[in-house]
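Residue numbers (my numbering): 4 to 129.
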């Protein structure tokens, strides 16, 4: 008896507003996908093994900034790049090619920028 009480309104809703029901289900599914993506990214970045990774050419400046806990704008400024959303999405090999240096030299510049940021952060905290 209670099963019919639940199903009857749902079937009536389905008959009268089929498009709306489909849109609601699709929207709910998309919301679940984005929620799952968010939860997985939180677990990924909270894992210490995924921080302080060896730099690779495919990594973007934003990825490096997140991994090493430095604002992307400050990292871009340290590397003499315009701190905008475009530079944040550039891969390290692209940045090295634009600057006319090797990837190893860029890695050294990034390491120097990270050291400078840590020093500035320590001075501010004192």
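All C-beta atoms in this analysis are idealised placements derived from N, C-alpha and C, irrespective of residue type, glycine included. Nothing here was measured: the structure is a model prediction, and the numbers come from that model.
Checklist entry - Short check: CB of residue 64 to CB of residue 93, under 8 Å? => result Note that the C-beta distance between residue 64 and residue 93 is below 8 Å.
Checklist entry - What are the uninterrupted segments assigned as beta strand (DSSP E) that are 3 or more residues long and contained completely in the segment 35-112, given in chain order? => result Counting whole runs of 3 or more residues, the segment 35-112 contains no beta strand (DSSP E) stretch at all.
Item to check | Exposure label - residue 33; buried when at least 16 CB within 10 Å | outcome: Per the 10 Å Cβ criterion, exposed.
Checklist entry - Using the beta-carbon count (16 or more within 10 Å), is residue 73 buried or exposed? => result Of the residues assessed, residue 73 falls on the buried side of the cut-off, its CB having 16 or more other CB atoms within 10 angstroms.
Checklist entry - So, do the segment 101-116 and the segment 73-88 have three or more beta carbon pairs nearer to each other than 8 Å? => result Because the criterion of three Cβ pairs below 8 Å is met, the segment 101-116 and the segment 73-88 touch.
Checklist entry - Going by the beta-carbon positions, is the gap between residue 62 and residue 106 smaller than 8 Å? => result Not closer than 8 Å, so no.
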